[in-house]
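Chemist: I'd like to ask you about the structure that follows.
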Amino acid sequence: MTHEPTAVTTAAPAVRTKGLWKIFEHDGIVVEAVRDVDLTIERGDFVVLAGPSGSGKTTLLNMIGGLSRPSRGRIEVDGRDITDLTESRLARWRLDRVGFVFQAYNLLPVLTALENAEFTMLLRGIPPEERRSRVEELFAEIGMEGLEGRRPGKLSGGQQQRVAIARAVVGEPALVLADEPTANLDSKTSDGLIDLMSRFNRELGTTFIFATHDTELMRRARRFIRLVDGRVVEDERRDAPA
Amino acid sequence: MSGPWWRIGWRNLGRNPRRSLFTAGGLAVGYAAVVVMTGLGRGMVAEMIGNGTGILSGQLQVHAEGYLPERSVHETIGGREGIDVDALVGAVAADPTVSAAAPRLYGGGLVSAGDHTLAAGFVGIDPAREPAVSAIMAAGETGRLPGAGENELWIGREMARQLDVDAGDIVVVVAPAADGSLGNDLFTVAGVFRSGLGDVDASVAFIPLDALQQLMALPPGRVHEVAARIADPWDAAAAEERLLGELATDFPGTAPRAWNRFQPEMVEYAALFESMEWVIIVVVFIMAVFGVANTMLMATFERRREFALLLAIGTTPGVILRSVIWEAFVLGVVSLTLGAILTFPVLVWWHNAPPDMSWLYGDFTMAGGLIRPVLRVEYPPEMMVLGAVALFATALLAAVLPAYRAGRLPPADTLAGR
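Next up, the structure:
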């Protein structure tokens, strides 16, 4: 598999949005989910998007990750304007530059933990030996050793989310987008996962952006952005490390 | 990339084994239907041609050039001078595909017994050579074959019934002779046969060649035909080509003809059956394609979130499409394996021991060939391959729409359950 090289401007921020809108229309009802959001997120940041349900957090996250297209405005990620990329180019760009962690774990049930974690590397054409060694190394770091051969159905929620995080970071993307990654977990498991992501953020310099209601995650964020009705109403930078 | 997709396809089929088994079973039955039905069709054609040529006519005949189609009594091989019959029979039998050859003389006239008289066709045969050429010689019911040089007849069961005679009875035979006179003599019914061919059983009488020559005032060197047996009827056309060249020098004025030229209706029937094979394969797999497509649509619809996830983490729509096609390919492999397990034992069984269906129907004739009441199957090798290709094409074709739809899912909306 060949990939188009991703043009990266090293001085560029991790994410920059300009006049971003997302408008849904269904049965004549128009909903402005994201309204005129201008945002710049620096590389290596650990950012939380907070706000009540329906405030536009997930929609904004999806647009930053190229899963959903803006109705108006532009998005640059890592210095590349992704607004008008075709579906195939967007998919390849996501493969190379973005890792995703979802609330519902979203592992492929027919693959083992190891196969799930290595899946993006498989798509990138990385040889099996290298894939396996990187995943095994990572699994050892996140306390998943010995569980490589288990299918998701045989793993606990916390273990599944660890695999999902491993899948998101194993390809060393520039950006990890996590939508309510701790929502289905107990507080102890949740804290452990936050520690894990915080460690990847510090050690690999990966930019993390969360959409969450989790107060612990909000507390650990170095930048806190609150959205209400699709608009940024609060944008606070904190000195405390994640 | 094929390795993982093969594995994933296989595991996905295993997620709902009953549904996968039913779908694969449907394709397997389709494959079995195509192969067995075409095998049966070919068995019927082989039966028709085998019996149509083997019972009486032979797979190849040599005549004088002008003999057909009028079949004049005077158009004997070698003209009025006649021919060295043994030499001609030997030359024909020397062809590598010919297993036996025998001379024949044809005539027509009346057979009478008591108050009964019938019109009959007479076939003069060499009682020593003819049984190796014509299967009808083994169809005797009563009595025996006529003996060389004897005034004996071998007649069909229907003729015997109409004349009210049986083996050992005396009949009067009257036949126009080649010199314009009317030959007549007393003959003994040596035996009665039943070929299953209605016309033959009712109106053909076999007479020793020399006795018929004498009746028709023809010298020993004058015969109308040398008939030859060729084990595989489809070799006859090539034998005709060879003999055309080989007989031209030593036996000028002779014309060898393969069965497909003197029984063209059989060739047409074979061609008809061949075209029916295409109809069968198309109909069976068109029916299958809708069933498989429905299953694949259901299977992919149930996994919408997984496809959305794959798209989200960077799988391109093209790779998604290929992954579903791979799954269909795996389904094809399973189906073909099942199909082979289902098909080949039946095929081998019915080829080697055709089930007797005489409890359901009797002999019947088609294009002059006798079809016995058995389910004879001939191996249809190219249909086995074509059926497999059609099976895979069906599985893959049925996956195209579900695969296309899976690759076009909006990942964000689908993951959100919208």
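Order-wise, the sequence lines are chains S and F. First residue of the first sequence: 1, per this note's numbering; consecutive thereafter. First residue of the second sequence: 1, per this note's numbering; consecutive thereafter. Just so it is clear, CB atoms sit at the ideal spot from N, CA and C, and this is done for glycine as well. As the structure is a computational prediction, the values presented were derived from the model and not from experiment.
Does residue 17/F have its Cβ less than 8 angstroms from a Cβ in chain S?
Modeler: It does not; no Cβ of chain S falls within 8 angstroms.
Chemist: Which residues in chain F sit within 7 angstroms of residue 87/S, going by Cβ to Cβ distance?
Modeler: Simply 317.
Chemist: Between the Cα of residue 412/F and the Cα atoms of 190/S, 102/S, 16/S, 182/S, which residue gives the shortest distance?
Modeler: Residue 412/F has its Cα closest to that of 102/S, out of 190/S, 102/S, 16/S, 182/S.
Chemist: Does any residue of chain F have a CB that is nearer than 8 angstroms to the CB of residue 33/S?
Modeler: Residue 33/S does not count as touching chain F.
Chemist: Below 8 angstroms, how does it come out for the region 390-401 of chain F and the region 317-330 of chain F: are there three or more Cβ pairs, yes or no?
Modeler: The region 390-401 of chain F, when compared against the region 317-330 of chain F, does touch it at the 8 angstroms Cβ threshold.
Chemist: Does DSSP classify residue 303/F as helix, strand or coil?
Modeler: Residue state, collapsed to three classes: coil.
Chemist: Applying the criterion that 16 or more other CB atoms from any shown protein chain within 10 Å of the CB defines a buried residue, is residue 246/S buried or exposed?
Modeler: The structure shown does not extend to residue 246/S, since chain S is modelled only from 1 to 242, so the question has no answer here.
Chemist: Just reading off the beta strand (DSSP E) that residue 433/F is part of, what are its end residues?
Modeler: Nothing in the structure corresponds to residue 433/F, since chain F is present only between 1 and 418.
Chemist: Taking 8 angstroms as the threshold, find out whether the region 7-17 of chain F comes into contact with the region 55-74 of chain S through three or more Cβ pairs.
Modeler: No: fewer than three Cβ pairs fall under 8 angstroms.
Chemist: Say whether chain S places a C-beta atom closer than 8 angstroms to the C-beta of residue 314/F.
Modeler: True, the Cβ-Cβ gap to chain S drops below 8 angstroms.
Chemist: Any idea what DSSP makes of residue 112/S, helix, strand or coil?
Modeler: Reduced to three states, the DSSP call for residue 112/S is coil.
Chemist: What whole-angstrom Cβ distance do residue 79/S and residue 228/S have, given they're in contact under 8 angstroms?
Modeler: With a Cβ gap of about 30 angstroms, residue 79/S and residue 228/S do not count as contacting.
Chemist: Should residue 97/S be labelled buried (16 or more other beta-carbon atoms within 10 Å of its own) or exposed?
Modeler: Flag for residue 97/S reads buried.
Chemist: For residue 417/F, count neighbouring C-beta atoms within 10 Å of its own C-beta (all shown protein chains included) and say buried if the count is 16 or more, exposed if not.
Modeler: Burial call: exposed.
Chemist: Please classify residue 63/F as buried or exposed, where buried requires at least 16 neighbouring CB atoms within 10 angstroms.
Modeler: The residue in question, residue 63/F, is buried, as its Cβ has 16 or more Cβ neighbours within 10 Å.
Chemist: Just confirm the distance between the C-beta atoms of residue 166/S and residue 135/S, as a whole number of angstroms; I'd bet it's less than 8 angstroms.
Modeler: So it is a contact: roughly 7 angstroms between Cβ atoms.
Chemist: Considering only their Cβ atoms, is the gap separating residue 128/F from residue 343/F smaller than 8 angstroms?
Modeler: No, these two residues do not count as a Cβ contact at 8 angstroms.
Chemist: Kindly indicate the opening and closing residues of the alpha helix (DSSP H) around residue 176/F.
Modeler: Where residue 176/F is concerned, there is no enclosing alpha helix (DSSP H), although the beta strand (DSSP E) it sits in stretches over 170-176.
Chemist: Which whole-angstrom value is the C-beta distance of residue 206/S and residue 232/S, which I expect to be below 8 angstroms?
Modeler: Contact doesn't hold; Cβ gap of about 23 angstroms is too wide.
Chemist: On the criterion of 16 or more Cβ atoms from any shown chain inside 10 Å, does residue 67/F qualify as buried, or is it exposed?
Modeler: The residue in question, residue 67/F, is buried, as its Cβ has 16 or more Cβ neighbours within 10 Å.
Chemist: Starting from residue 120/S, find everything on chain F with Cβ-Cβ shorter than 8 angstroms and list it in chain order.
Modeler: By Cβ distance, chain F contributes 313, 314.
Chemist: Can you confirm whether residue 95/S, when its beta carbon is compared against all beta carbons of chain F, has any partner nearer than 8 angstroms?
Modeler: True, the Cβ-Cβ gap to chain F drops below 8 angstroms.
Chemist: For the candidate residues 226/F, 327/F, 133/F, 205/F, whose alpha-carbon lies nearest to that of residue 103/F?
Modeler: When only C-alpha atoms are compared, the closest one is 226/F.
Chemist: Excluding the 5 residues preceding and the 5 following residue 218/S in the sequence, name in chain order all residues of the same chain whose CB lies nearer than 8 angstroms to its CB.
Modeler: Closer than 8 angstroms at the Cβ level, and outside the excluded window around residue 218/S, lie 48, 50, 212, 224.
Chemist: Could you check whether the Cβ of residue 412/F sits closer than 8 angstroms to any Cβ belonging to chain S?
Modeler: Yes, its Cβ sits closer than 8 angstroms to a Cβ of chain S.
Chemist: In terms of residues, what are the limits of the beta strand (DSSP E) holding residue 256/F?
Modeler: Its beta strand (DSSP E) spans residues 254-258.
Chemist: Under 8 angstroms Cβ-Cβ, which residues of chain F neighbour residue 92/S?
Modeler: Correct list: 314, 316.
Chemist: Tell me whether residue 161/S sits in a helix, a strand or coil according to DSSP, three-state version.
Modeler: In this structure, residue 161/S counts as helix in the three-state DSSP scheme.
Chemist: Give me the DSSP bridge partner(s) of residue 413/F.
Modeler: For residue 413/F, which the question treats as bridged, DSSP gives no partner whatsoever.
Chemist: Just reading off the alpha helix (DSSP H) that residue 188/S is part of, what are its end residues?
Modeler: Counting along the chain, the alpha helix (DSSP H) containing residue 188/S begins and ends at 187-204.
Chemist: Under 8 angstroms between C-beta atoms, does residue 415/F make it to chain S?
Modeler: For residue 415/F, the answer is yes, since a Cβ of chain S falls inside 8 angstroms of its Cβ.
Chemist: For residue 152/S, would you say it is in contact with chain F, using Cβ-to-Cβ distances shorter than 8 angstroms as the test?
Modeler: No, because no Cβ of chain F sits closer than 8 angstroms to the Cβ of residue 152/S.
Chemist: Short of 7 angstroms Cβ to Cβ, which residues in the region 97-108 of chain S face chain B?
Modeler: Within the model displayed, chain B is absent; protein chains S and F are what it includes.
Chemist: Comparing the C-beta of residue 68/S with each C-beta of chain F, is any distance below 8 angstroms?
Modeler: So yes, residue 68/S belongs to the interface.
Chemist: Between which two residues does the alpha helix (DSSP H) containing residue 27/F stretch?
Modeler: Taken as a continuous stretch (DSSP letters only), the alpha helix (DSSP H) holding residue 27/F covers 17-52.
Chemist: Contact defined as beta carbons within less than 8 angstroms: I believe residue 159/S pairs with residue 147/S. What is the distance between those atoms, to the nearest angstrom?
Modeler: With 8 angstroms as the limit, residue 159/S and residue 147/S qualify as a contact, their Cβ atoms being about 6 angstroms apart.
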